[in-house]
Amino acid sequence: MYLKEFEIRWSDVDANRHMANSAYLNFMSHTRMSFLLEIGFNQKTMSQNNIGPVVFHEHVYYFKEAFLGKPVKVSLELVGLSEDGMFFEFHHNFYDGNGKNFAHCQIMGAWIDLKTRTLTGLGHEFLGAFNKVPKGDGFKVLTKEDTRKFSVRPKDLV
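This note's numbering numbers the first residue of the sequence shown as 585 and each following residue consecutively.
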C-alpha cells in the first residue's frame, strides 16, 4: 500500500469547519500523482509518450469528520488494471493521526492519447512499471465493460 501524508490546511475546510469534499479529491489526486512519479510517470516521460490520465468516476464514502490542523494519511492501492494498461482502478483510504479510517474512495480511469484525444493502452515500459506494483485485495483484470458498470449516460438539454 502506498501512503502519502498531509496536514489539513485552512483552505481544506468548509463552512462546517471540517474537511471539504473538494479537499478529499485534491489529496487523492496529489497521492496518485506522487505514486505515478515514483514509478516513472513524470511530465517528461508522459510527454514523450503523449499520454495523460483521465478519471471516469470517483465514489467517496465519508465515515467520520476530519478537522483543521490534523494529520491525514491517504493510501493508494491498485485494485484493477486492463491487460493493455488502458483502464485502471485505485482505492484510497483516509486515516487520521491514530490510524483510524475516516473515508474511502474508489476511482476508475484510463489513459488518453493527448494528440488523438482517444483512450490508449500503455507502452511496454509503463505497463511494466504497473505490473511491478503490489496489487490490492480483490485485484482484477479490467475490461471495457467494467468501465460501464454504473450505466450512467449523458442527457443533453437539447
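We put the CB at the ideal spot given by N, CA and C, even for glycine.
Judged by beta-carbon spacing, Asn605 lies beyond the 9 Å limit of Val658, meaning their Cβ atoms are not closer than that value. Going by beta carbons, Pro655 and Ile592 fall inside the 9 Å limit. By the Cβ rule, the region 660–675 does not count as touching the region 620–635, because fewer than three pairs are nearer than 8 Å. For Asp730, the secondary structure class from DSSP, reduced to helix, strand or coil, is helix. Judged by beta-carbon spacing, Gly669 lies beyond the 9 Å limit of Phe625, meaning their Cβ atoms are not closer than that value.
Met603 carries a strand assignment under DSSP once its states are collapsed to helix, strand and coil. Counting other Cβ atoms within 10 Å of its Cβ, Val663 reaches 16 or more and is therefore classed as buried.
Between the alpha carbons of Leu726 and Asp740 lies a distance of about 29 Å. Per DSSP, Lys588 is one residue of the beta strand (DSSP E) stretching across Tyr586 to Glu591. In the structure shown, the three-state DSSP call for Asp740 is coil. By the Cβ neighbour-count rule, Leu587 is exposed, with fewer than 16 other Cβ atoms within 10 Å of its own. DSSP lists His643 and His675 as the beta-bridge partner residues of Gln690.
Secondary structure note for Ser595: it is in no beta strand (DSSP E), with a DSSP letter that is neither H nor E.
Assignment of Asn685 by DSSP, reduced to helix, strand and coil, places it in the strand class.
Under the three-state reduction of DSSP output, Leu706 falls in the coil class, being neither helix nor strand.
Per DSSP, the continuous beta strand (DSSP E) segment holding Ser666 begins and ends at Pro655 to Ser666.
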